[in-house]
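Enquirer: Quick note on numbering that gives the first Met the number 0: the sequence shown kicks off at 0 and runs consecutively.
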Amino acid sequence: MAKESLSITDNRTGKQYEIPIKHGSIHATDLRQIRTGPDDFGLLSYDPAFMNTAACTSRITYIDGDKGILHYRGYPIEQLAEKSTYLEVAYLLIYGKLPTKSELDRWLHDITYHTMVHENIKKFLDGYRYDAHPMGILIGTVAALSTFYPDAHNIFDQRSREIQICRLIAKMPTLAAMSFRHSVGQPYPLPDNDLSYTENFLNLMWKATEVKYAANPILAKALDVLFILHADHEQNCSTTAMRCVGSSHSDPYSAVAAASAALYGPLHGGANEAVLTMLKEIGSKDRIPEFIKSVKEGHGKLMGFGHRVYKNYDPRAKIIKRMADQVFEVTGRNPLLDIALELERIALSDDYFVSRKLYPNVDFYSGLIYQAMRFPTTMFTVLFAIPRTSGWIAQWLEMLGDEEQKIARPRQIYLGEQKRDYVPIEQRR
Ligand code: CMC
Numbered sequence: 000m001a002k003e004s005l006s007i008t009d010n011r012t013g014k015q016y017e018i019p020i021k022h023g024s025i026h027a028t029d030l031r032q033i034r035t036g037p038d039d040f041g042l043l044s045y046d047p048a049f050m051n052t053a054a055c056t057s058r059i060t061y062i063d064g065d066k067g068i069l070h071y072r073g074y075p076i077e078q079l080a081e082k083s084t085y086l087e088v089a090y091l092l093i094y095g096k097l098p099t100k101s102e103l104d105r106w107l108h109d110i111t112y113h114t115m116v117h118e119n120i121k122k123f124l125d126g127y128r129y130d131a132h133p134m135g136i137l138i139g140t141v142a143a144l145s146t147f148y149p150d151a152h153n154i155f156d157q158r159s160r161e162i163q164i165c166r167l168i169a170k171m172p173t174l175a176a177m178s179f180r181h182s183v184g185q186p187y188p189l190p191d192n193d194l195s196y197t198e199n200f201l202n203l204m205w206k207a208t209e210v211k212y213a214a215n216p217i218l219a220k221a222l223d224v225l226f227i228l229h230a231d232h233e234q235n236c237s238t239t240a241m242r243c244v245g246s247s248h249s250d251p252y253s254a255v256a257a258a259s260a261a262l263y264g265p266l267h268g269g270a271n272e273a274v275l276t277m278l279k280e281i282g283s284k285d286r287i288p289e290f291i292k293s294v295k296e297g298h299g300k301l302m303g304f305g306h307r308v309y310k311n312y313d314p315r316a317k318i319i320k321r322m323a324d325q326v327f328e329v330t331g332r333n334p335l336l337d338i339a340l341e342l343e344r345i346a347l348s349d350d351y352f353v354s355r356k357l358y359p360n361v362d363f364y365s366g367l368i369y370q371a372m373r374f375p376t377t378m379f380t381v382l383f384a385i386p387r388t389s390g391w392i393a394q395w396l397e398m399l400g401d402e403e404q405k406i407a408r409p410r411q412i413y414l415g416e417q418k419r420d421y422v423p424i425e426q427r428r
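1) Please determine, among Lys206, Gly126, Ala53 and Ala230, the residue with the shortest C-alpha to C-alpha distance to histidine 70.
2) Less than 7 Å between the CB of phenylalanine 379 and some heavy atom of the ligand CMC, yes or no?
3) Distance check for serine 6 and proline 19, CA to CA, integer angstroms please.
4) What three-state label does DSSP hand proline 334 in the structure shown?
5) Kindly examine the ligand CMC and report whether one of its heavy atoms sits closer than 7 Å to the Cβ of alanine 258.
6) In this structure, how does DSSP classify lysine 310 when only helix, strand and coil are distinguished?
7) Answer yes or no: the CB of histidine 232 versus the heavy atoms of the ligand CMC, is any distance below 7 Å?
8) Write down the C-beta distance between alanine 393 and cysteine 243 rounded to the nearest angstrom, noting that I regard them as a contact closer than 8 Å.
9) DSSP three-state call for tyrosine 421: helix, strand or coil?
10) Provide the residue(s) that pair with serine 24 in DSSP beta bridges, ordered along the chain.
11) Between the alpha carbons of isoleucine 287 and aspartate 349, how many angstroms are there, rounded?
12) Start and end of the alpha helix (DSSP H) containing serine 4?
13) Is leucine 342 buried or exposed, if buried means 16 or more other CB atoms sit within 10 Å of its CB?
14) Compute every distance between the C-beta of asparagine 311 and the non-hydrogen atoms of the ligand CMC, then say whether any falls below 7 Å.
15) At the 8 Å Cβ level, is phenylalanine 383 part of the contact set with chain D, yes or no?
16) Might you give, ordered along the chain, the residues of its own chain that have their beta carbon closer than 8 Å to the beta carbon of phenylalanine 123, omitting 5 neighbours on each side?
17) By a C-beta neighbour count over all protein chains shown, 10 Å radius and 16 as the cutoff for buried, is proline 47 buried or exposed?
18) For glycine 390, verify whether its CB is less than 7 Å away from any heavy atom of the ligand CMC.
19) Let me check you understand the geometry: is the CB of alanine 214 closer than 7 Å to at least one non-hydrogen atom of the ligand CMC?
20) Can you confirm whether the region 351-366 touches the region 284-303 when touching is taken to mean that 3 or more C-beta pairs between the two stretches lie within less than 8 Å?
21) Would DSSP call leucine 157 helix, strand or coil?
22) I'd like to know whether the C-beta atoms of alanine 214 and leucine 201 end up nearer to each other than 8 Å.
23) Using only the alpha-carbon positions, how far apart do isoleucine 396 and aspartate 29 sit?
24) Beta strand (DSSP E) containing tyrosine 71: first to last residue?
25) For my contact list, serine 389 and isoleucine 168 are in at a C-beta cut-off of 8 Å; report their separation, rounded to the angstrom.
26) The ligand CMC heavy atoms versus the CB of leucine 357: any closer than 7 Å?
27) Which residue or residues does DSSP assign as beta-bridge partners of proline 359?
28) Nearest-angstrom Cα distance between threonine 52 and isoleucine 345?
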């Protein structure tokens with residue numbers, strides 16, 4: 000039988016090493032024994048941007064990027080999108096199993112009753128300029144929550160942890176909607192405990208003078224499906240930030256703020272906003288060939304295309320594309336959809352995109368739905384952060400319970416100056 004190991008010959012010394020292979024990987028610290036002499040630190044692996052490095056083992060989300068497969072805790076994303084709800088999926092991600100009826104009832108109750116935020120949060124909001132980006136506000140206010148709940152620092156206290164988890168999932172929509180209401184100068188409505196998670200979020204966003212806000216059920220359901228699709232995506236940039244910050248044993252609010260900051264960037268969760276900006280700039284179908292040409296010449300990217308892991312159609316984008324029709328029946332068709340469809344058609348028949356395996360990702364169509372639902376583009380990344388919170392929490396819990404994990408601290412390969420003496424300013428040239 001073939002041996003599960005790797006034989007290495009170090010041509011510098013002629014020495015041979017046998018390194019075990021486990022789960023299709025070698026342990027990077029096993030390379031340290033490969034040394035040229037006693038003063039040699041040992042061989043390092045160099046992997047900027049973690050292109051080929053697993054930093055953890057995980058049992059949460061499985062992706063097969065070549066086949067376009069996504070599972071949460073073993074359940075295919077297509078089944079969850081069709082049959083589950085966002086809060087049930089959040090439970091699944093965090094606790095590793097689908098809840099029983101009584102567990103789900105308790106979970107929904109606990110989330111519902113933690114949706115209010117301290118009145119002082121309003122004072123923070125007053126400090127932001129009228130045109131502050133809602134994502135900047137969300138990052139600031141979620142970080143501030145840790146100051147309201149000092150017990151959150153007890154991250155190894157099971158009961159405290161459970162409460163912070165409920166608070167985070169419950170309060171993210173409240174903070175998100177407040178960040179929007181601030182930008183339009185409207186009062187902050189109270190959460191409504193009679194409503195589902197997404198209905199309540201829509202209530203917090205859009206309630207005006209009516210006594211009770213009633214969300215359109217098709218839109219509330221569509222948003223719930225979008226939340227399921229965005230809930231986790233294994234070791235992406237923001238989840239890595241969550242694990243990295245959490246590894247120093249920060250409280251979960253601070254770690255979620257860090258993860259949200261990573262999500263904010265246009266190469267990650269900010270891409271859905273960038274897609275809409277791009278579609279608006281293109282403006283009409285006849286300008287698409289010119290735009291594609293400029294992308295191929297290296298002037299910017301086709302936003303909403305490409306993925307580090309998916310080298311096939313993103314399964315989430317497929318579901319969103321299908322769902323768009325149901326939403327547009329309620330809201331009216333988003334005129335930018337025609338540009339997006341034509342852009343996809345042209346890109347997928349162009350060798351530049353085909354040879355690089357660049358397909359639409361989750362952000363390509365989600366923004367069109369959000370826009371049709373009246374969300375301003377600045378809210379798009381916020382709409383990503385709300386559901387991703389459950390994934391961040393699941394990954395954080397897994398990291399804290401993993402005996403192999405320690406504070407994250409990568410190595411570097413130093414290429415700078417060797418020791419040299421300080422030069423007084425008058426002698427510098
Ligand atoms: N448009 C044009 N060319 C692209 C694009 C794109 N969207 N994405 C990648 N490429 C090219 C890239 O220039 C490179 O070409 P070459 O080999 O000639 O140098 C090749 O494809 C490989 O790309 P890469 O930059 O090595 O790929 P990566 O894994 O480092 O980047 C990515 C992944 C998602 C950052 C990138 O595809 C991108 O910037 N896409 C646009 C932004 C976007 O839609 N982001 C959302 C990602 S999905 C949601 C999420 O997870 O946050």
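Every residue, glycine too, gets a C-beta built ideally from N, C-alpha and C.
Keep in mind the model is a prediction, meaning the values are calculated, not measured.
Expert: On the basis of the coordinates in this document:
1) Numbered from 1 along the sequence shown, position 71 holds the residue referred to as residue 70. Residue Ala230 is the option with its Cα nearest to histidine 70.
2) On the sequence shown, position 380 is the one that residue 379 refers to. No - the ligand CMC has no heavy atom lying nearer than 7 Å to the Cβ of phenylalanine 379.
3) The residue you call residue 19 lines up with position 20 of the sequence shown. The residue you call residue 6 lines up with position 7 of the sequence shown. Distance between the alpha carbons of proline 19 and serine 6: 9 Å.
4) What you label residue 334 is simply residue 335 of the sequence shown in a count that begins at 1. If DSSP states are grouped into helix, strand and coil, proline 334 belongs with coil.
5) For the purposes of this step, residue 258 is taken as residue 259 along the sequence shown, with counting starting at 1. It does not: the Cβ of alanine 258 is nowhere closer than 7 Å to a heavy atom of the ligand CMC.
6) Within the sequence shown, residue 310 is the residue found at index 311, counting from 1. DSSP places lysine 310 in coil when its eight states are reduced to three.
7) Taking the first residue of the sequence shown as 1, we reach residue 232 at position 233. Yes, since a heavy atom of the ligand CMC falls inside the 7 Å radius drawn around the Cβ of histidine 232.
8) Start at 1 with the first residue of the sequence shown, and residue 393 comes out as number 394. Start at 1 with the first residue of the sequence shown, and residue 243 comes out as number 244. Alanine 393 to cysteine 243, Cβ: 16 Å. No contact.
9) Against the sequence shown, residue 421 aligns to sequence position 422. Of the three classes helix, strand and coil, the one that applies to tyrosine 421 here is coil, per DSSP.
10) As a first step, residue 24 is located in the sequence shown; it is residue number 25 there, counting from the start. In the DSSP secondary-structure assignment, serine 24 is bridged to Lys21.
11) For the purposes of this step, residue 287 is taken as residue 288 along the sequence shown, with counting starting at 1. For the purposes of this step, residue 349 is taken as residue 350 along the sequence shown, with counting starting at 1. Isoleucine 287 and aspartate 349: Cα-Cα distance of roughly 12 Å.
12) By 1-based counting over the sequence shown, the position of residue 4 is 5. Per DSSP, serine 4 lies in no alpha helix (DSSP H) segment; the continuous beta strand (DSSP E) that holds it begins and ends at 4-8.
13) Here residue 342 is taken as the residue at index 343 of the sequence shown, counted from 1. Answer is buried; the Cβ neighbour count reaches 16.
14) The sequence position of residue 311 within the sequence shown is 312, counting from 1. Set against 7 Å, the gap from the CB of asparagine 311 to the closest heavy atom of the ligand CMC is not smaller.
15) The question asks about chain D, but that chain is absent: this structure has only one protein chain.
16) By one-based count along the sequence shown, residue 123 stands at place 124. Excluding positions up to five away in sequence, the list reads Gly139, Thr140 and Ala143.
17) Locating residue 47 in the sequence shown gives position 48, where the first residue counts as 1. Around the CB of proline 47, fewer than 16 other CB atoms lie within 10 Å, so the residue is classed as exposed.
18) Against the sequence shown, residue 390 aligns to sequence position 391. Flag unset: Cβ of glycine 390 not near the ligand CMC.
19) By 1-based counting over the sequence shown, the position of residue 214 is 215. Every heavy atom of the ligand CMC is 7 Å or more from the Cβ of alanine 214, so no.
20) Contact holds between the region 284-303 and the region 351-366, because three or more Cβ pairs, one in each stretch, are under 8 Å apart.
21) Taking the first residue of the sequence shown as 1, we reach residue 157 at position 158. Here residue 157 turns out to be glutamine, not leucine, going by the sequence shown. Correct three-state label for glutamine 157: helix.
22) Counting from one through the sequence shown, the residue named residue 214 turns up at place 215. Counting from one through the sequence shown, the residue named residue 201 turns up at place 202. Yes, the pair counts as a contact, with Cβ atoms nearer than the cut-off.
23) Residue 396 sits at position 397 when you count from the first residue of the sequence shown. Residue 29 sits at position 30 when you count from the first residue of the sequence shown. Reading off the sequence, residue 396 comes out as leucine, not isoleucine. Linking leucine 396 to aspartate 29 through their CA atoms gives a straight-line distance of about 27 Å.
24) Taking the sequence shown and counting its residues from 1, the one referred to as residue 71 is at position 72. Element bounds for tyrosine 71: 68-71.
25) The count along the sequence shown starts at 1 and reaches residue 389 at position 390. The count along the sequence shown starts at 1 and reaches residue 168 at position 169. Indeed they touch by this definition, with Cβ atoms about 6 Å apart.
26) As a working note, residue 357 is residue 358 in the sequence shown. In this structure, the ligand CMC has a non-hydrogen atom nearer than 7 Å to the beta-carbon of leucine 357.
27) Working through the sequence shown from its first residue, we reach residue 359 at position 360. Per DSSP, Phe304.
28) Translated into positions along the sequence shown, residue 52 becomes position 53. Translated into positions along the sequence shown, residue 345 becomes position 346. CA-to-CA, the gap between threonine 52 and isoleucine 345 works out to about 34 Å.
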